[in-house]
Each structure stands twice: as structure tokens, then as C-alpha cells.
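First up is the structure itself, then whatever we jot down about it.
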């Protein structure tokens, strides 16, 4: 959760942070058919691949888990699902998770994945709203960190110099991951249509990866995939536009979620925050963007967990740090010895699984790339490629306000900027399970840049409204954003 990162670093007492659970050790994946993953390959390309059945995730389709070696001996864990329909020609979609520090199995069991966790964390059930209804799906972890054990089931090099610190480090790892994934692990996917979806901080990863795949000057391998679209859900289009927008969502709507005094303090901080944000955008330097983070801190101080729910304005927080009521069940399930053995972990290499690693969250924040603007990467795609871009946001999301995302979209410099700014929100609808038409939210956009809101969701769109989310994603992958079904 992005504002969790901001708040833990700038507003939450350090003793609370020090009490957050995080993994302390990590081990290499050793499935029965492992090739062995190395530490110092000049060209990393080794991988493991274990076919799963529905006993771990009731997906209703073929699925595999494994690890792929990337830079400096780091390894990315993946969980790959075939499409339930027309797998031989379905597009490939990678889902990048948030935090930073969230494990890939959290959205798998809690959102658009093909299975969902039960309440006590003992089993999964098939999800009727899975994105695998129309695409091949990779659920990929955010990134990996060494001494803090990386994220989820991923492993990182024990040498500090080789730990990913910035979004550029993470992006390079993802390029190596995808290159090996389609050239070695699943060569039948070469040349397949490719979509990148990122949630929360995963949205920042998504635009960075899309930019790196589209721009050959970024370095690293070029995976044999045909990039078609980018979907950034509950994410900052550019943090310099979103930071001041916390006032809008908490104090600027018809219903105020803070008292008059708190809103006055936030309002007084907005001009300073805006000035610092402009400086950050113009210079894109660490010093100016750190100054923006400090200037905007007072705007964030009144909405922190567990007193407030950082993923939904109108629900109580179900537990620090994520406020997610299903997190405990997911961690229980993924720490089950038998489940880990089925995933491919040897009995003596079991992993202490944590759904949201706050050490990783803070580590990424301390190295600064979280604060850097991303507008230029969006603009590169809009000016130089045919890649389509979709932003998605929940109206009840206090973590990444849709007001800030829209301001970022409106500010992109490209040939369609005037038309996007002139576009007006219009409602969109989907057909519910009872056959009636249901309003999902509003949409606006022009040409290859669109934004869709969800009326009844918070930060976790796919958990809160899986049916309407599936409707939008299916239509988007097929080429458009509908007004109604």
C-alpha cells in the first residue's frame, strides 16, 4: 500500500514499525525437477518449473510454480496459470503486486486470481471472477531483498551491494525474468500479446517495466513479447500530483472523514506540498523529491492504521499494517508445511511466509525511488508507441486518491492531452449475476489513455468488487472500455 509506505516512514512512530512482523530467512526453491540456481551467472537464465494441481489453488486450469534467476543470483518466484479458454492464443498478462513488500500470493487468494482463500486459511475455492477466464496469467512477486528475506517466496543475494534498491533495479530483474520465462521456461509464449497490470506500488513497477520494454536504450534483455497495454490500478500516476490529493479525498468531498481541525491542518500544508511537488517534477532529483516527501508529510498524519483503514474509507481496519481481513488466513495457508512442499520447497528449506514485509516497504522508501516522478515514462509510451494505458481507481480508496491520479493523467504531455482534459466522466454499467444492469462507476479518456472509477470499492478493487473489475478487465484486454455490457 503506497500511503502505508509514506506514513510508516514519515508519520508512524518508530516503535510501531519495529514491532511489525517480517521474514528473517529465505531459502532457494528446490523442486523435484530443479535445474539448480546459481549465484554469479553473467547471463542469468536458470529456472525451476513445477506443475501444480487444484489441491493448492482450485484454479480449474493448468498451473505451474517456480523460480527464475535474475541479476546477482536473485530469484523471482512465479505462479503461472493457463487461460481457462483458448490457452493456445490467449494474451499473456503479468500482475505486479503492491506495497512495496506484498507477496504475490496475497492478490492471488484475495482478488482477480483463479482461487480465493477460505476464512480459516485451510483451503481455496474456485473464483468465478478470475482473470484467467480471458488471459494467461502470471502472478509475480514485487521484488526481493536479501537480509530481510525478500518478498514472499523469492530469494535475494546475501550481499548488500546486490540487493535491489530502486525501481530501476526491480525493472531490470523483471526484464531478465520475462526473457527467461518466454524463451526457456514457456517457449510456446514467444511473440504472444502482452499486458502489464500493477496494483498500488505495482502500478509504479508496471509503468517502469512498460517503459523499459518499449525503450531499447534502457538496457538488459528484450523479452520476445508484444506489449499491448498497461493497467495501473489504485496507483499514483505520478506521486507529485497524488500527495496533495489526500486532502481532497479526506476533507474535500460532501462527506468529510476528518474533523474540522484536522482538515484545517491538512489544508494549510497543501500549498507547501504543491510547491515542493513542482520542484521535484522539474528537477527529478533525489534531494528535491525528498524535500517533497517532507513537505507533504503533514497531509498524511491523520489517516494511519490501525486507527484508520488505509484501504477503505468506510470500513474498520482489520489489523496493522494492511487492514486486510483475509491477510491472516493467507499467511496461515502459505505457512502450511504441506502447501509449501507441494509448491516445490524441500522439507529443510521451508520459508517463513509474510504477506506484507514492512522491512522491504521501508527499505525501498529509504532509497528514494518511490518519490521520483513517473510522468515522463507515461509520456514516452503515449508519444512513441501504440501501447494503451488504463488507470483504475476506487472512489472509497484513502490510499491512492483518484483525484491525484486524474490530475497526473491530465498533465501528461502528448498529442491527445487537450482532448483527454476536455473529456467528461460518463457512467459505465455491467450486467450483474441477476441479469440487471448495475452502475460500476464512471469512465473518461481519449484515444489510448483512459481512467475508470469504481463507485463501491476502496484500494483493493478486485477484492471489493470482483464482478465489476472482471468486466472492465475483460473488455480492456479485448480492446476497449465499455459504457455498458
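Numbering (the numbering used here), first residue to last: 9 to 493. From the three backbone atoms N, C-alpha and C, an ideal C-beta is built for every residue, glycine too.
- Looking at the backbone, the Cα of residue 106 and that of residue 243 are separated by about 9 angstroms.
- Fully enclosed beta strand (DSSP E) runs of no fewer than 3 residues occupy 396-402, 434-439, 445-454, 457-462 of the segment 384-463, in order along the chain.
- The continuous stretches of beta strand (DSSP E) do not include residue 286, which lies in the alpha helix (DSSP H) extending over residues 268-291.
- Residue pairing by DSSP leaves residue 93 without any beta bridge partner.
- Under the three-pair Cβ rule at 8 angstroms, the segment 270-288 does not count as touching the segment 422-436.
- Distance from the Cα of residue 398 is smallest, within the candidate group 234, 97, 238, 209, for 238.
- Counting along the chain, the unbroken beta strand (DSSP E) around residue 125 starts and ends at 123-125.
- With a threshold of 16 other beta carbon atoms within 10 Å, residue 61 falls short and is exposed.
- Within the segment 196-258, the runs of alpha helix (DSSP H) that reach at least 4 residues and sit entirely inside it are, in chain order, 209-222, 247-250.
- Between residue 418 and residue 412, the alpha-carbon positions lie close to 10 angstroms from each other.
- Close CB contacts of residue 475 within its chain, under the 6 angstroms cut and outside five residues either way in sequence, are with 137 (chain order).
- For residue 330, the CB contacts under 6 angstroms within the same chain, skipping 5 residues up- and downstream, are 364 in chain order.
- When C-beta atoms of the segment 346-359 are compared with those of the segment 91-106, fewer than three pairs fall below 8 angstroms, so the two segments do not count as touching.
- DSSP places residue 298 in the helix class (H, G or I) of the three-state scheme.
- The alpha-carbon of residue 181 is positioned some 31 angstroms away from that of residue 129.
- Distance check between residue 373 and each of 295, 261, 174, 447 places 174 closest, using alpha-carbon atoms only.
- Within the same chain, and ignoring the five residues on either side of residue 358 in sequence, the residues whose Cβ sits closer than 7 angstroms to its Cβ are 345, 348.
- Ranked by how close their Cα comes to the Cα of residue 456, the residues 437, 438, 425 have 425 in first place.
- Counting along the chain, residue 379 sits inside no beta strand (DSSP E), nor does DSSP assign it H or E at all.
- About 7 angstroms separates the beta carbon of residue 186 from that of residue 233, a gap short enough to meet the 8 angstroms contact definition.
- The criterion of a C-beta distance shorter than 7 angstroms is satisfied by residue 461 and residue 401.
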